[in-house]
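Structure first, then comments.
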Amino acid sequence: MIKQAEFVTSIVSHKNIPNDGRSHILLLGRSNVGKSSMINAITNRKSLARVSQTPGKTITLNLYLINQSIYLVDAPGYGYAKRSKVLTKDFLKMIRDYIEHHQELKKIFLLMDYNVGPTVDDIAVYDELLIVCQQLGIELIVVLTKYDKCKPSMRYKREKEIKEKLLPNQKIYITSSEKKLGINELIKEVLE
Ligand SMILES: Nc1nc2c(ncn2[C@@H]2O[C@H](COP(=O)(O)OP(=O)(O)OP(=O)(O)O)[C@@H](O)[C@H]2O)c(=O)[nH]1
Ligand SMILES: [Mg+2]
């Protein structure tokens, strides 16, 4: 159970992450995929993390401390149209740096929009993360967001399309922050 959640700090570099031995979970995904909404859903708080109408809002690493023991890290989104190509490359470098410098990083939640993804950027990030995570013993978990937006008649097709692009044994959660679907399962992942 999540008893306590607080915003700790916004930082521009992973080098500023508090070195206090607490574990981290990193949330990654395209701009607008629903990372900040997911943090609010997990912590059961309406506006702990800033949710935006304008994509590309989160430009810093935002740290949230859960139960005084785990950091949830909200990262900037990639693939935002106006900054796309360079951002994806810089983004991957930033994430690789982060991963290599923080043994406290235990899991990465890679968010993809159930209705849109996986995009070309999503797959580029996924493929890169698969390698780094395997080398360093970090668990890579795919979280599909905004399930509520998909028409029931489209679900079978969507799921097939998504799974075809991921490894057959990939751990996947289907979620909706809006409808609080799949959120308890994610909370278990956070606390475990
Ligand atoms: N229908 C629906 N909309 C959602 C859901 N989750 C997020 N949204 C909407 O999607 C938009 C983007 O959500 P954010 O949580 O700000 O996305 P983000 O990934 O943090 O975006 P950046 O900070 O720009 O990278 C907002 O308008 C949310 O209300 C969901 O489960 N269902
Ligand atoms: Mg955000």
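Residue numbers (our numbering): -19 to 172.
Built from N, CA and C at the ideal position, the CB exists for glycine as well.
Asked	Found
Helix, strand or coil at GLU174 [DSSP, three-state]	The requested residue 174 does not occur in the structure, where the chain is confined to residues -19 to 172.
Cross-strand partners of MET92 (DSSP beta bridge)	LEU124
Where ARG10 falls: helix, strand or coil (DSSP)	strand
Proximity test, THR125 beta-carbon vs ligand 4 heavy atom, cut-off 8 Å	Summarising the ligand content, the structure contains ligand 1 and ligand 2 and does not contain ligand 4.
Closest Cα partner of ILE103 within the set SER3, ILE22, GLU158 and ARG10	ARG10
LYS15: CB within 8 Å of a non-hydrogen atom of ligand 2	yes
Segment contact, 8 Å Cβ cut-off, at least three pairs: the region 98 to 114 with the region 156 to 168	no
Bridge partners - TYR106, DSSP secondary structure assignment	DSSP lists no partner for TYR106.
THR155 beta carbon near ligand 1 (any heavy atom closer than 8 Å)	yes
Cβ-based burial, VAL13 [other Cβ within 10 Å; buried from 16]	buried
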